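Line by line, the protein sequences are chains A and B.
Numbering-wise (this note's numbering), the first sequence opens with residue 2 and increments by one.
Numbering-wise (this note's numbering), the second sequence opens with residue 2 and increments by one.
Structure, as C-alpha cells:
Protein chains: 2
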Amino acid sequence: MRRVAIIGTGMTEFGELWDLSFRDMGILAGFEALHDANVTSEKIDAMFVGNMSAGRFIDQEHVGALIADYAGLAKTHIPSTRVEAGGASGSLAIRQGFLSIASGMHDIVVVGGAEKMTDVGDDEVMNIQSAAADQEWETVFGATYPSLFALMAHRHMHEYGTTREMMSSVAVKNHKHGSLNPKAQFKREIRPEDVERSPPVSLPIRTLDCAPISDGAAAVVMCPLDMAKNFTDRPIEIIASAQASDTLALNQRKSITEMAATRVAAKRAYEMAKIQPKDVDVAEVHDNFTITEIMAIEDLGFFEKGHGGRASLEGKTGLQGEIAVNTSGGLKSRGDPIGATGVAQIVELVQQLRGKADKRQVPDAKIGLAQNVGGTGATVIIHVLGVGR
Amino acid sequence: MRRVAIIGTGMTEFGELWDLSFRDMGILAGFEALHDANVTSEKIDAMFVGNMSAGRFIDQEHVGALIADYAGLAKTHIPSTRVEAGGASGSLAIRQGFLSIASGMHDIVVVGGAEKMTDVGDDEVMNIQSAAADQEWETVFGATYPSLFALMAHRHMHEYGTTREMMSSVAVKNHKHGSLNPKAQFKREIRPEDVERSPPVSLPIRTLDCAPISDGAAAVVMCPLDMAKNFTDRPIEIIASAQASDTLALNQRKSITEMAATRVAAKRAYEMAKIQPKDVDVAEVHDNFTITEIMAIEDLGFFEKGHGGRASLEGKTGLQGEIAVNTSGGLKSRGDPIGATGVAQIVELVQQLRGKADKRQVPDAKIGLAQNVGGTGATVIIHVLGVGR
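Written out as C-alpha cells, the structure reads:
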C-alpha cells in the first residue's frame, strides 16, 4: 500500500447557515482546502463525499456528482463518490479516499463531508437522524436516537457508578474548547449547572448533553506521501485507517455500556499504526451525547472501562490533561452536520499536528486519533494521523 | 495495484417481491454468492453495499451495517460501506470493493447492491428516482427522470434521424433476452407494436420504453486474482474500473445526445484494460429507457455516433449480432432495483465469461463490459471483465 498524506484542510463555520445552500457549503470548504494545499482544481483526480441523508434533508441524492459539478470539476469529469454510514459518513469518505490513493488508482483526492440539516423541521430532523438506527426493531416502535443513547447512559451509571456530574463535565469541557475555535457552532462556555438545568430530552440525557443540529461542510486534500513535499513542508500522514461494524440494533449486543466496534476498530488501528493508546497526544471522539465520549475514551483504551466518567470530571481529557480530547469542541460544541463531522475531526487533528491550533494547541502534538460513530455504534471508523516523514 | 477477481455471484429474482424485505433480499443474494464462491462467511474481510435511497424507500439509512448485521457478520465486526451515485450505486460498490482489494487493505470482499422500491406509492417512486437529477435546477420545476430522458430522445431523433421503430427494437430485443433469464422481472417477449401502443409517459418515451420499478438484490464475492484459484477454476478478472462525472443538470452540457461521462469513462477503461471497443464480446449497458441504450452503444464506441438506433433495428446488438448487448434483459426486462442494477450487470457478465449463461450464452465470450449510469449521466461507471489467468 502506498503511504497517504493530508496536505490541505478547509471547513465552513458550523451552525445554522441560513445563507448557504448544501452546494455552497461544499464548495466553500473544498476551495479552502485546495487553497491550503496549494493545489489547483485541474490537478484533482477524484473526490469522495460523506453525507448521511441529503435525500431527505434537501430532496437530493447523487451528491457526489453534485459537489464535483459545483466545484467546476465536471469539465475534467473526475470520479466523485458519495458514501454513507450514518454519523460515520465523513470518516468513511476519508477512508475511501485513503484506499483510492493507497491502491495507486488516484494521486490527488479531495474528501469532503457535508450536511444541510436546518431546512426541515425539528421533528423531521429527529426522524432522519434515527434512520441510522434499526428501523424495523427500534425506530418503528418509537425509539429515537437520544432515547437509545439514554439506555446506554442509564446502564453505564448502573454498572460503573457514572454520575450526572461526570456527564456534565464532558459538556463543560467541550464548550470550553469550542470557545477557542472560531469555526465552532457554540463559542461560549457553559457551567455544570447549565447542563443539569437544561430541559430533559430522554433522561438521563438533557438538552446540553446533546450535540446540536447543524449545517456545515469540511474538506481535506490528500495525496501520496512521497508527493506531498511538493505541496507542503509539513504533510500529515494517515498512519492507520480502521473500520468495524456491529449489530444495527442495540438489543442484539452483549453489552450496551461499550461499543464493541470501537474496541475492534481501535485494535486494528493501533496495530496498523504500531502504537499504543498512551502514544496518542490528541483525540477527536464522537460525542453526539456526553455519554458517548465517556464510552469512547474507555473503549479506545485511554482509560479503564468504567473510569471514563471520573477521568472526565477530573480534567484528564482537557487541554492540560493526560490526553486532550475534542480540542475542536467536539460534536457537542463545534457542531454536528452529520456527514461533515468525521471530516471536521480530521481537519482539527491536522491543525493540531501542524502546530497551528492556536489557543487550543496541544503542545508538541505528534499523534492524533479520530473516532467517528454511525448509529449507536453499528459503524465505527478510526483514523490515526502522524507527522509525515 | 493488486489484480482482482470475482469468484462468486448471486442474485434474487427481480420484480415486485412482496414477500421479501430489504434485508431478506440482501441476505439471499449474498449467501448465494458465498455459496457459489465456496467461501464461508467468517472468511469475509469487508463488505460494500450499493443503494440509492433506502432512506426514502424504507426509512432506513446505514444499510451497509444493516446488511452486514443480518448476514451474521456483526460477530466478526467487518467493515461495511454503503455507497451511492443514483442509478450507478451498484457499480460504485463494485469499484470500491475493487479498490479495497487492489490497495492490499482487504482480501475477501462481498459487494452487494439492493433496492426495495415497491413499498411506496408510484408518485413517490418517481420523486425518489428524480432525486438523482438536479433538485434546484430540474426537479423543483417539475422535470422528472423520464421527462429529462425524453429531451435527450427528441434531440437524438432530430440530430440523427433516430426513429420510434429503432427505439422499439431495443425494448423488443431486451425482452427477448429477458425471456431467457430465469431471474428477469419480465420473462415474456413483446412486439414493436406493443411498445408503440403503450401509454405515453413523456413523449417520445412510452411505458414500454421504460425500465420497470423493481425490488431486488445482487451480490458478488471478490478476492485477489492470485488467491482466486483456491476457490474456483475459472476466476473472472476485473481488468478495468473507470468512473467519470458530468454536470448534474442536463442544461449545463454541451450535448444531450451523448453522455460525455460515458465517453470519458470508456476511454479510461479501454486504456486500463488495453483493449478496443471491438474486443468486447458482451456488454451490459444502462437501458433505463430505450434511448439510453442507443446512446450508450454509440458513446462506448461500439457504433458510430448517430448509428446506434439503426444498429439496434438491424439486430446488431442481439445474441447473434455483432456485439451482444444486455443479454440479461437489461434494466428494461431483467428489472432495475436501482442499487442492485450495477451489481446485476456484473453478475450477468460473470455468467457469460464462465460460459454458464445457458440459453442466452454468447459463444466463446472472453471480454465483457458493463456501463452503469447515475442520474442523466452525471455519473458513469464502466467495468471490463476478462477470464482470469
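Glycine residues also receive a C-beta, built at the ideal position from the N, C-alpha and C atoms.
Predicted model, so just to flag it, every value in this text is computed and none were measured.
- For G9 (chain B), the CB contacts under 7 Å within the same chain, skipping 5 residues up- and downstream, are A34, L35, D37, A38, V40, V221, V222 in chain order.
- At least one CB atom of chain A sits nearer than 9 Å to the CB of H78 (chain B).
- S246 (chain B) is bridged by DSSP to B:T380.
- The alpha helix (DSSP H) runs lying completely inside the region 92-155 of chain A and spanning 4 residues or more are 123-131, given in chain order.
- The alpha carbon of I298 (chain A) has as its nearest neighbour, out of A:Q321, A:A66, A:T258, the alpha carbon of A:T258.
- With a cutoff of 9 Å on beta-carbon distance, A72 (chain B) and G27 (chain B) are scored as near each other.
- Scanning chain A for C-beta atoms nearer than 7 Å to the C-beta of I59 (chain B) yields Q136, reported in chain order.
- The alpha-carbon separation between H157 (chain B) and R254 (chain B) amounts to approximately 14 Å.
- When the five nearest sequence neighbours on each side are left out, the beta carbons in the same chain lying within less than 6 Å of the beta carbon of E62 (chain B) are those of G56, in order along the chain.
- Under the DSSP assignment, I8 (chain B) falls outside any alpha helix (DSSP H), being part of the beta strand (DSSP E) whose first and last residues are 5-12.
- In the DSSP assignment, S215 (chain A) falls outside any alpha helix (DSSP H) and carries neither an H nor an E.
- From the listed residues A:E349, A:L332, A:V351, A:D280, the smallest Cα separation to I324 (chain A) is found for A:D280.
- In the structure shown, the three-state DSSP call for V363 (chain B) is coil.
- Considered as a whole, the region 272-303 of chain B harbours 291-300 as its complete alpha helix (DSSP H) runs of no fewer than 4 residues, in chain order.
- Residues of chain B with a Cβ closer than 8 Å to the Cβ of D247 (chain A) are, in chain order, A66, D70, A75, H78.
- Residue contact with chain B for T41 (chain A): absent (no Cβ-Cβ distance below 9 Å to any residue of chain B).
- A buried status is given to H107 (chain A), since no fewer than 16 other beta-carbon atoms sit within 10 Å of its beta-carbon.
- Of A:A262, A:E160, A:H78, A:G179, the smallest CA-CA separation from K360 (chain A) is found for A:G179.
- Only exposed fits P183 (chain A), as fewer than 16 other CB atoms lie within 10 angstroms of its CB.
- Exclusion of the five residues before and after A172 (chain B) leaves I191, V196, L209, D210, T291, K333 as the residues of its chain whose Cβ lies within less than 7 Å of its Cβ.
- Following the DSSP letters along the chain, one finds G16 (chain B) in no beta strand (DSSP E), marked with neither H nor E.
- In summary, no residue of the region 285-319 of chain B has a CB separated from any CB of chain A by less than 8 Å.
- In the DSSP annotation of this structure, the continuous segment of the alpha helix (DSSP H) that includes F32 (chain A) starts and ends at 23-38.
- For S215 (chain A), no CB of chain B lies under 9 Å from its own CB, so it is not counted at the interface with that chain.
- One finds P80 in chain A with Cβ atoms closer than 7 Å to the Cβ of Q244 (chain B), taken in chain order.
- The DSSP-derived three-state label of G307 (chain B) is coil.
- For E17 (chain B), the closest C-alpha among the options B:A379, B:R264, B:A185 is that of B:A185.
- Taken atom to atom, the span from the alpha-carbon of I206 (chain B) to that of A358 (chain B) is near 31 Å.
- Note on D227 (chain B): under 16 other CB atoms within 10 angstroms of its CB, so exposed under the neighbour-count rule.
- Beta bridge pairing from DSSP links N373 (chain A) with A:I382.
- Counting only the Cα atoms, I109 (chain A) lies some 7 Å from A47 (chain A).
- Of the residues B:P80, B:I59, B:G340, the one whose Cα lies closest to the Cα of A69 (chain B) is B:P80.
- Nearest Cα to E305 (chain B) within the set B:P278, B:G331, B:Q353: B:P278.
- Assigned with DSSP and collapsed to three states, I191 (chain B) falls in coil, not helix or strand.
- Separation of the CB atoms of M2 (chain A) and G105 (chain B) is rounded to 5 Å, and the pair is thereby assigned contact status at 8 Å.
- From the listed residues A:V363, A:V126, A:P193, A:D365, the smallest Cα separation to D337 (chain A) is found for A:V126.
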